[in-house]
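Quick note, the sequence shown lines up with residues 1117 to 1488 if you use our numbering. Accompanying notes for the structure given below.
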Amino acid sequence: MNVHSADALTAEEALATQEANQEKFDSEAATQVAMQDTLLTPRFYTTDFDELDAIDVTPVREDWDKLIAQMQSDPNRGHFKKNENWDHVDWDGMEPQLKKEFLDFLISSCTAEFSGCVLYKEMKRRGSNADITQLFQLMARDEARHAGFINDALREAGVAVNLGFLTQKKKYTYFRPKFIYYATYLSEKIGYARYITIFRHLEAHPEHRFHPIFKWFEEWCNDEFSHGEAFALLMKTDPKLTSGINVLWIKFFLTAVYSTMYVRDHQRPAFHKALGVDPDWYAHEVFVKTSKLSEQIFPITLDIDHPRWQRGLVRLQKANADLARAKTETGISATLTRLTSQVRAAAAFVSLFTIPAKTHRVPATTRLEPAY
């Protein structure tokens, strides 16, 4: 008998559980959403695994061993499954637009978690460096549990993402290892900031907790935090990754990750209204937390209080909304709208990217503990 994905010791065990349950559900619609490849949807990545395998963690050995020991202790084993705190969800009675946006949120989150699992599992499979393969095995385990838990929640609505199908059929994007570091570090840290902000908000306003999965967000975000710590240590092994021309790449990824989150969240107004959260307030809270956390390894932070920042995000969001609308229409007018919307979006992003960054001295000690 398969163990529950929450109790699985490896990513392979967790995914086997999902495959065993998959045939019970019609997952075509959910899987097609997960298969989408746009600038706003989660992607699957591949990289130069030999370069990753060559990393020497000697410069950060003390912090590395402490982090690995913490992850090996597996404090969240058994957590990501339903228990007596899982309230009944009236999917049939849920307001249709909220249901649509919430399902999109769950499918997108499941895809993002599984994307990490696929990348980490492949590194563990192909590597021979004991330090690196051990780390990626532990992170793959966590991400597989998260994806499995979200799929369990989706099954209550009669759908599920076919994770095995995604592995074989979804398009993979190649990133050089340093870009994987920047993108994945930010993904893990902003994931922590997003989950903990929602969790704390719903602690104070439980009347807005319309689904029980939000009760699991605190432990969930702590896994994300630990993964971010690992990527911070990986970057610290090579000072060149956070200096010189690479600072511009860091700024690019900060701008891209923040602006993508802003645009994507504004596509779900009913979801945020049900949570009792203003998307602009939420974005700023997440940006503040992520910026503070990223000071542990990045020598710059974005100036999110600059007058052009919020204006640029709004311009980008409006251009994206016009582009999405034009894509559903035909004719010369729709074609022109698509072109002008793309130009407007590019101009808005350039405006955001060219805002002068704030600089600071990176602390000698990289490790942080979740404190929000």
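Where a beta carbon is used, it is the ideal one built from N, C-alpha and C, also for glycine.
- In the three-state reduction of the DSSP assignment, Lys1305 falls in the helix class, which pools H, G and I.
- The three-state reading of DSSP puts Lys1389 in helix, counting H, G and I together.
- With respect to Phe1387, Leu1214 sits close: the two C-beta atoms are nearer than 8 Å.
- Judged by beta-carbon spacing, Leu1282 lies beyond the 8 Å limit of Ala1276, meaning their Cβ atoms are not closer than that value.
- Cβ-Cβ separation between Ile1366 and Tyr1298: approximately 6 Å, consistent with a contact (criterion under 8 Å).
- Taken atom to atom, the span from the alpha-carbon of Ala1435 to that of Glu1401 is near 23 Å.
- With fewer than 16 other Cβ atoms inside 10 Å of its own Cβ, Pro1212 counts as exposed.
- For Asp1419 and Gln1412, the gap between their C-alpha atoms comes out near 17 Å.
- Burial check for Lys1240: the Cβ neighbour count within 10 Å reaches 16 or more, so the residue is buried.
- CA-to-CA, the gap between Leu1318 and Phe1465 works out to about 32 Å.
- Beta-carbon to beta-carbon, Arg1441 and Asp1220 are separated by about 17 Å, too far to satisfy the 8 Å threshold.
- Excluding five sequence positions before and after Thr1353, the CB atoms of its chain that fall closer than 7 Å to its own CB belong to Ile1171, Asp1172, Val1173, Pro1175, Val1176, given in chain order.
- Thr1126 sits in coil when the DSSP states are folded into three classes, being neither helix nor strand.
- The C-beta separation of Gly1392 from His1324 comes to about 4 Å, placing the pair in contact by the 8 Å criterion.
- Within the model, the alpha-carbon separation for Val1478 versus Phe1347 is close to 15 Å.
- One alpha carbon belongs to Lys1443, the other to Thr1162, and they sit about 29 Å apart.
- DSSP lists Phe1160 as the bridge partner or partners of Tyr1288.
- Non-local beta-carbon contacts of Arg1159 in its own chain, meaning distances under 6 Å to residues more than five positions away in sequence, involve Thr1289 in chain order.
- Here Arg1431 is near Arg1460, since their CB atoms are less than 8 Å apart.
- With contacts defined as CB atoms closer than 8 Å, Gln1433 and Tyr1378 qualify as a contacting pair.
- Between Ala1480 and Thr1417, the beta carbon gap of about 18 Å keeps them out of contact (Cβ cut-off 8 Å).
- Asn1245 and Leu1350 have their C-alpha atoms spaced approximately 13 Å apart.
- One thing to note: Glu1335 has its Cβ within 8 Å of the Cβ of Asn1192.
- Burial is judged here by how many other beta carbons sit within 10 angstroms of a residue's own beta carbon; Trp1397 has fewer than 16 and is exposed.
- The C-beta of Gln1253 has 16 or more other C-beta atoms within 10 Å across all chains shown, which makes the residue buried.
- When rounded, the separation of the alpha-carbon atoms in Phe1265 and Lys1197 is 6 Å.
- Here DSSP, grouped into helix, strand and coil, assigns Ile1416 to strand.
- Burial state of Ser1359 is exposed, judged by a 10 Å Cβ sphere holding fewer than 16 other Cβ atoms.
- Annotation: the continuous alpha helix (DSSP H) that includes Arg1454 extends over 1448-1469.
- The three-state reading of DSSP puts Lys1474 in strand, counting E and B together.
- Counting along the chain, the unbroken alpha helix (DSSP H) around Ser1231 starts and ends at 1212-1242.
- If you draw a straight line from the Cα of Ala1320 to the Cα of Ala1273, it is about 27 Å long.
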